[in-house]
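What follows is one structure encoded as structure tokens, with my remarks underneath.
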Amino acid sequence: MARDYYEVLGVPREASDAEIKKAYRQLAMQHHPDRNPGSKDAEGRFKEANEAYAVLSDPDRRAHFDRFGTAGPGAGPGFGDPGFGSLFEDIFENFFSGAPRGRRSRAARGEDLQYELKIALEEAAAGVDTKVQIPRLESCEACGGAGVEPGSRLEPCELCHGRGEVRRSHGFLTVAQPCPKCQGAGQLNRNPCKRCRGEGRRRAEHLLAVKIPAGVEDGMQLRLAGEGSGGLYGGPPGDLYVLLRIREHDLFARDGADLHCDVPVSFAQLALGAEVEVPVLDGTTKLKIPAGSQPHEILRLRGKGMPHLRQRGRGDACYRLVLEVPHKLDDRQRAALEAFEAASRSVRGPLTAAFLERMKKLLG
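Residue numbers for the sequence shown follow the working numbering, so the first one is 5 and each next one is one higher.
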């Protein structure tokens, strides 16, 4: 008595053709012998699933099975069954890592490379043309990238007879796999190039010109198409990515297009106002401190920062006023400050007045 093919595939008797096909596909992938080497149980389940699908995918056989419980004449799966071959190809098209059927091309794209380039903040602001020395793999000049000694040529693989694939039988099924000897190329290199040892590429140093636009930021990458490693056996080269690193500046910290700098000032400069010399990227300039400025207040010089990378204009140079209190005072300084403190006792500033008012409320 034949097994219940619906039970084998795990579908109800009223299942549609699409549901039967989906169930079979899942079982075939799960129990395929190549995924379960040496497992007799998996091999048996794989054969059962194929037999069940061969019957239930054929309208006449399915009708016979539904009526009599047997597969009927001509039972047994095979590639001659309608739709079975196309389904089998669909199931295993990605089984071997998406390997194309037949001979594989030896040519392959070269590797992408990354080069870290450190520049100064001033160079990032102005833009710079520089050169970098890149170690990379380049096509061997002796063999033209073929990997074969000049005057020789590739020979057909005797295992796959130049097809690039071998076939393995699993009962009534035959599965094609890339040839293990030639790795699917269908050809063997029996006389490799002596200079590149059959690789088709040699290590070399290459000097490249790199143009860095003004306004770049730390961590940005410049892509130089085709400047990576050369391709294998005539394949296209990869790309080079130049990773930009901006060195830490002695005075400025960057925030986008703005530059920030701490400027030490005295109490008198904050109270009376002053004009001080401050740094900018291309030299120095004057910064006016208004009378009554407060510690940590930030004053801006518009347009003195970094250029915007993808638009016009520049950011600002921002200067934070840092109050510097003397560690030691001479007699004249002490006398002057004591006189100022005595004169200021009757005059409270807004911060002091607000603080005393909050304390008064807190203490009742």
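No residue lacks a Cβ here, since even glycine has one placed at the ideal position from N, Cα and C.
Here the structure is a predicted model, which means the values were calculated and not measured.
Q181: CB within 7 Å of a non-hydrogen atom of the ligand NAP: With respect to the ligand NAP, the structure offers nothing, as it holds no ligand at all.
Cβ shell of R207 (< 7 Å), same chain only, five flanking positions each side left out: P139 and L141
Residues near E23 in its chain [Cβ-Cβ closer than 6 Å; skip 5 each side]: V15
Buried/exposed call for K364, threshold 16 Cβ in 10 Å: exposed
Spatial neighbours of Y218 in its chain, beta-carbon cut-off 7 Å, leaving aside the 5 residues before and after: Looking at the sequence itself, residue 218 is Ala, so the reference to Tyr does not match. Contacts found: A129, A130, G131 and P311.
Cβ pair D266, L248 closer than 8 Å: no
Where H264 sits in the DSSP three-state scheme: strand
Cβ-based burial, Q273 [other Cβ within 10 Å; buried from 16]: buried
Neighbourhood of I293 by C-beta, 8 Å cutoff - its chain only, sequence neighbours within 5 removed: V269, Q273, L274, G277, A278, E279, V280, L303 and L325
Exposed unless 16 or more other CB atoms sit within 10 angstroms - verdict on R258: buried
Same chain only: Cβ atoms within 8 Å of P330, ignoring 5 sequence neighbours per side: Q337
Between the CA atoms of N195 and G89 - distance to the nearest angstrom: With a pLDDT of 46 at G89, under the threshold of 50, the modelled position of that residue is not reliable, and the figure given next carries that caveat. Roughly 41 Å separates the two Cα atoms.
Proximity below 8 Å, CB of G155 to CB of N193: no
Residues that T74 bridges to, as DSSP identifies them: Answer by DSSP bridge pairing: none, since T74 is not bridged.
Secondary structure of D335, DSSP reduced to three states: helix
Y323 versus L291: straight-line alpha-carbon distance, rounded: 9 Å
Terminal residues of the beta strand (DSSP E) in which G48 lies: First-last for G48: K44 to L60, but that is the alpha helix (DSSP H), not the beta strand (DSSP E).
Minimum C-alpha distance to Q30 - residue among E153, A340 and A53: A53
Straight-line Cα distance separating D334 from L360: 32 Å
Counterpart residues of G287 in DSSP-defined beta bridges: V284
Backbone CA spacing between D21 and Y10 [nearest angstrom]: 12 Å
Proximal residues to E115 (C-beta, below 7 Å), its chain only, five neighbours per side dropped: G232, S233 and G242
Element boundaries [beta strand (DSSP E), containing K135]: V132 to S143
Local conformation of L273 per DSSP, three classes: First, the residue type needs correcting, since residue 273 is Gln and not Leu in the sequence shown. Here Q273 sits in helix by DSSP.
DSSP-derived helix/strand/coil call for K292: strand
Residues of its chain near G230, where Cβ-Cβ distance is below 6 Å and the 5 sequence neighbours each way are ignored: P241
Beta bridge counterpart(s) of K215 as assigned by DSSP: D133
L163 versus G149, C144, E153 and C186, residue with shortest Cα-Cα distance: C186
Cβ neighbours of E120 in the same chain (closer than 7 Å, five flanking residues each side left out): L247 and R249
Residue of A56, R17 and A46 minimising C-alpha distance to Y28: A56
Buried/exposed call for L263, threshold 16 Cβ in 10 Å: buried
S297 classed as buried or exposed, judged by whether at least 16 other C-beta atoms fall within 10 angstroms: buried
Assumed close pair G202, G149 - CB separation to whole angstroms, cut-off 8 Å: Not confirmed; about 11 Å, so no contact.
Enclosing beta strand (DSSP E) for V369 [first to last residue]: In this structure the chain extends from 5 to 368, so residue 369 is not present and cannot be described.
Alpha carbon of A111 to alpha carbon of Q191, nearest angstrom: 13 Å
Assumed close pair P160, E169 - CB separation to whole angstroms, cut-off 8 Å: That pair is no contact at about 13 Å.
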